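One structure is given below, encoded as structure tokens.
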Amino acid sequence: MNGTWLMGLLRRRPLRIWGSAAGVALTVAFLALLLAFVSAGRANMTVRAAQSVPVDWQVLLGQTASVSEAEKAVRAATAVKTVLPVGYADVQGFSATTGTGTSATTQTTGAGKLLGLPPGYAAAFPAELRSLIGSTEGVLLSQQTAANLHAGVGDSVNLLRYSAPSIAVKVAGVVDLPNADSLFQAVGAPKGLAPQAPPDNVILMPRALWDSVLAPQLLARPDTVRQQLHVRLATALPNDPGQAFALVGKLANNVEARLAGSPVVGNTLGAKLDGARESALYAEALFLFLGLPGALLAAALTFSVAGASAGQRLQEAALLRVRGASDTRIVRLGAAEALSVAAVGLSIGMGAAALLAPSLAGTSLDIASALWPALTGLALALGAVLLPTLAAVRSSSVVAQRQAVRRTGAPLWQRFYLDFVLLAIAGAVFWRNAAGGYQLVLAPEGVAKASIQVEAFLAPLALWLGGTLLVLRLMRVLLQRGVLSRLLRPVSGRLSQIVAAALERQGPLLGRGAALVALAAAFALSTSIFNATYNDQARVDAVLTNGADVTVTGNAAAPAGPQLTSLKAIPGVADAQPLTHRFAYVGADLQDIYGIDPAHFTDVSHLSNSYFKDVTATQALAKLAARPNALFVSQETVNDYNLSLGDAVRLRLLNAKTNQYQVIPFTFVGVVREFPTAPKDSFLVTNATYLAQMTGNPVAEVALLKVSGNPQAVMTAAQTLTANLPGVQVTDLNTVRGRIASGLTAVNLAGLSRIELGFAALLLAGATGLVLALGLTERRRTFTVLNALGAKPHQLSAFLNGEAWAVVGFGGVFGVVIGLLVAQTLIKLLQGVFDPPPEAMLLPWLYLGGLLISAVVSTAIAVGFARRASGQRVTEVLRAS
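Just so we're aligned, residue 277 is where the sequence shown starts under our numbering, counting upward by one.
Structure (structure tokens):
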């Protein structure tokens, strides 16, 4: 009997079966893809964190520790790829005499570092050294040291040793130290007591030479000489960054325990994973904030589809009982229908997820990502189909039919104004979080346990629920005959009063349909706005790091400025501007200083208002243009030196004519938080013209290119043009975005956007078309009677269009309002995702236009379906009730 019953449903009630199955399929596929996205994101974060670390461990050895014993301990604790001993030594400074005859000058630096690198170090840890000039073997000067000493390849540099006479060495090359912060980290030093910046003066040399040079100093001042083991791990890390962080920390502790505490492990990999686990929690937050509402909406759509056929189920249960079927038999038939819906929905949903996962989530669908969605889909099908069946069984009894039918009043939640209470809660929580000091993710540095602030979900959750209930309240008001007839006049014409009277009797059903449409529209709108805003800010972040579409970064020895005219002539380059990048001493602290042309800098780059404190970007540029020696200073420097606006700031910069550092006066005019190409901590921004005039060097080290054509082609042409300039780097936004993607961009947020936006469009189409079609089908007898009584097509259309306008039109308008509020809430609560924070929401008009078209098309299809159905099998429909 079950098979016969199911075949009958498929023939006579196809929309009921396929509609419910479609809701289950949407829910299952959406959840499976989101879980696959989160799983792939975690694994990708762990891999990228490990790849971005130049040296996994820097093991500081004690004065009496044996290098061989320490290496054995490291290899015994875990699998390693490379272990190399590196010598570190403090020296009094360096000196060099350059020039000849009367033009000869001698430069002497302050305290410096001398590193002894073993053979093969550059190949084993390539991210630590970047050759600028000369060889990568022999005695190497860091870029800043070469500038301080005015020394180059072939020059002699004196090493000023402690308790030993100076000794001269010959320079073989000049290198950049891209990861100087980690290379010179104070291993084992308490937080806050470690140096805030890497040393200014560094010389690297082969380990054998280092041992020879430092032998006298080691005997006299052993406290100035120490050794480290630089380690590259071969350990297989868990996919989850938090678990990987905990594992790497335990392995480091094991190394220290094996050597009785004499070594101290500088766990650079652990520090990087520590930051990655915070991003992993943000990925989970995105799943909860952006993904879970979509899954709940798909489930609500499924329940709505199943609930729309309540009248049919009631008739079916009554007919089955008349023909001798017991309540148990009726429930079994409902269970068979539920299992059929589950089977079809799971098959379609899982199949779609398996096909789409590689392209959208970046990974194949595994068992872990499929299990929970499958169980959820099964429970959803059983609940959506069985609950209406059980209700029909109870309501179709003779006793139930004898119950008096009373006009129902306002629901309890309306009488207690629950919708306004929830909206007030959402506003209060949002205001508290927006006031400052709010952190969605709590991941204390060095602590394995991390968590998400659960109360943060209260604001969007209360806004969703309160907005939905408010839609139901407003629909109850709008469906009153006097109000509704005026609103329906554009689509129902002279029949608006009659249509309004008919719709008023269907108030609760139409209200639920409009609420579902509002939720679907709000989900689609809020999701698209968040993703568009994030994508725009990701580009802003890339511009902040790279400086422009394409950036040519030179150095003091090989600046990019002289090539500016040639670079601007490259096809596809719309504009080019120079950027001066020097180094200045603020007291004893060496900082980056940038010189710009305030009038034209934004022609090639982007400045956000959030980059500056208490002023907009336009106002900041105006301040620079108004005063030649105006200086913007980072907040950290302002705090360290207790600066106030208008203070005179004297910086020491290298003069190109005298080859000596000289004091140059500046005026502190504002605080800069971030700036294109600048580091995150301490830097300075001033006028390029004043900087060139006072230092005697008008050449800019960096060229910023605005591209109107193909960035890759422009970058290739720029690389060819600057190929003869040693150490020059050419980068574009896509390259930089890949390099800085250690956070959420490593999760392939573009894939998440496609998942969410695609399903949002499907859910909106389903809510507008499918729910409306089911509602119209439920009232098919009414439209059939009208057709049988001779209603003209335009008169029948007045009823159909009126109901469509009431459900889709009103629900869509309410959904837009809710969606805008939810989008603003999400952007504020998920500010940790954005760097820098967005100044305003970005509306994706093209996608929103596509949503509108899909809603209109699905509505038109539903209305057309109902119009055709009203003229088919008239006698059968009239006899059915």
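Glycine included, C-beta positions come from ideal geometry on N, C-alpha and C. Everything numeric in this text was worked out from a predicted model, so none of it was measured.
If we ignore side chains and look at the alpha-carbon of each, how far apart do Ala676 and Val669 end up?
Low confidence applies to Ala676: its pLDDT is 49, below 50, so where it sits in the model is not reliable, and the reading given next is rough at best. Near 10 Å, if we compare the C-alpha coordinates of Val669 and Ala676.
Could you pull out every residue in the same chain whose Cβ sits closer than 7 Å to the Cβ of Ala932, ignoring the five residues on either side in sequence?
Excluding residues within five positions, the ones whose Cβ falls inside 7 Å are Thr971, Gly972 and Asn973.
With a 10 Å radius around its C-beta and 16 neighbouring C-beta atoms as the bar for buried, classify Leu573 as buried or exposed.
buried
Answer with buried or exposed for Arg324, where buried requires no fewer than 16 other C-beta atoms within 10 angstroms of its C-beta.
buried
In this structure, does DSSP put Gln1100 in helix, strand or coil?
DSSP, read as helix, strand or coil, puts Gln1100 in helix.
For Gln1071 and Ile1094, what's the separation of their Cα atoms in angstroms?
34 Å
So Trp740 is in the alpha helix (DSSP H); what residue range does that whole segment cover?
Note, Trp740: alpha helix (DSSP H), Leu734 to Leu754.
Do Thr856 and Pro904 have their C-beta atoms within less than 8 Å of each other?
no
With burial defined as no fewer than 16 other Cβ atoms inside 10 Å of the residue's Cβ, what is the status of Ser910: buried or exposed?
buried
Compare the C-alpha of Thr943 against each of Phe692, Asp603, Lys956 and Ala901 and name the closest.
Minimum Cα distance to Thr943 is reached at Ala901.
Contact defined as beta carbons within less than 8 Å: I believe Tyr861 pairs with Val961. What is the distance between those atoms, to the nearest angstrom?
Rounded, the Cβ-Cβ distance is 16 Å, inconsistent with contact.
For the alpha helix (DSSP H) containing Gln995, list its first residue and its last residue.
Pro987 to Leu997
Please state whether DSSP places Lys899 in a helix, a strand or coil.
Here Lys899 carries a helix assignment [DSSP, helix/strand/coil].
With the cut-off set at 8 Å, would you say Ala456 and Pro474 are in Cβ contact?
yes
Could you round the C-beta distance between Asn543 and Trp333 to whole angstroms and report it? I think they count as a contact, below 8 Å.
For a cut-off of 8 Å, the C-beta gap from Asn543 to Trp333 is around 6 Å, short enough to register as a contact.
Report yes if the CB atom of Val617 is closer than 8 Å to the CB atom of Val300, and no otherwise.
yes
Report yes if the C-beta distance between Asn885 and Thr892 is below 8 Å; otherwise report no.
yes
Give me the residue from Gln368, Val367, Gln383 and Ser881 with the minimum Cα distance to Thr374.
Selected option, being the one with the closest Cα: Gln383.
Our contact map puts Val826 next to Val983 with C-beta atoms below 8 Å; I'd like the distance itself, whole angstroms only.
6 Å
Based on the DSSP secondary-structure assignment, which residues constitute the bridge partners of Leu224?
A question about residue 224 goes unanswered here, because the residues of the chain that appear run from 277 up to 1157.
Would you give the residue range spanned by the beta strand (DSSP E) that Phe944 belongs to?
Tyr937 to Val948
Quick check: what's the CA-CA separation for Gly1126 versus Pro1120?
10 Å
Since Ile409 is in the alpha helix (DSSP H), which residue starts that stretch and which ends it?
Per DSSP, Ile409 lies in no alpha helix (DSSP H) segment; the continuous beta strand (DSSP E) that holds it begins and ends at Arg406 to Gly410.
When you compare the CB positions of Gly449 and Gly414, do they come within less than 8 Å of one another, or not?
yes
When the Cα atoms are used, what is the spatial distance from Val463 to Leu505?
12 Å
When you compare only the Cα positions, how much space is there between Gly659 and Ala308?
20 Å
At which residues does the alpha helix (DSSP H) containing Met481 begin and terminate?
Here Met481 belongs to no alpha helix (DSSP H); instead the beta strand (DSSP E) covers Val478 to Pro482.
Let me confirm a value: Val367 is counted as buried when at least 16 other C-beta atoms fall within 10 Å, else exposed. Which label applies?
buried
According to DSSP, is Asp642 helix, strand or coil?
coil
What residue does the alpha helix (DSSP H) around Val350 start on, and which one ends it?
In the DSSP annotation of this structure, the continuous segment of the alpha helix (DSSP H) that includes Val350 starts and ends at Val343 to Ala353.
Among Leu1102, Glu1115, Val1089 and Leu1096, which has the Cα closest to the Cα of Gln1131?
The residue asked about is misnamed: residue 1131 is Ala in this sequence, not Gln. Nearest option by C-alpha distance: Val1089.
Given a threshold of 16 other Cβ atoms within 10 Å of its Cβ, counted over all protein chains shown, does Ile1129 qualify as buried or as exposed?
Burial call: exposed.
Could you give the DSSP three-state label for His857: helix, strand or coil?
strand
With the cut-off set at 8 Å, would you say Pro854 and Leu843 are in Cβ contact?
no
Using a 10 Å radius around the Cβ and a threshold of 16 neighbouring Cβ atoms, would you call Asp499 buried or exposed?
With fewer than 16 Cβ atoms within 10 Å of its Cβ, Asp499 is classed as exposed.
Suppose you measure from the CA of Thr829 to the CA of Ala797; what does that come to, to the nearest Å?
47 Å
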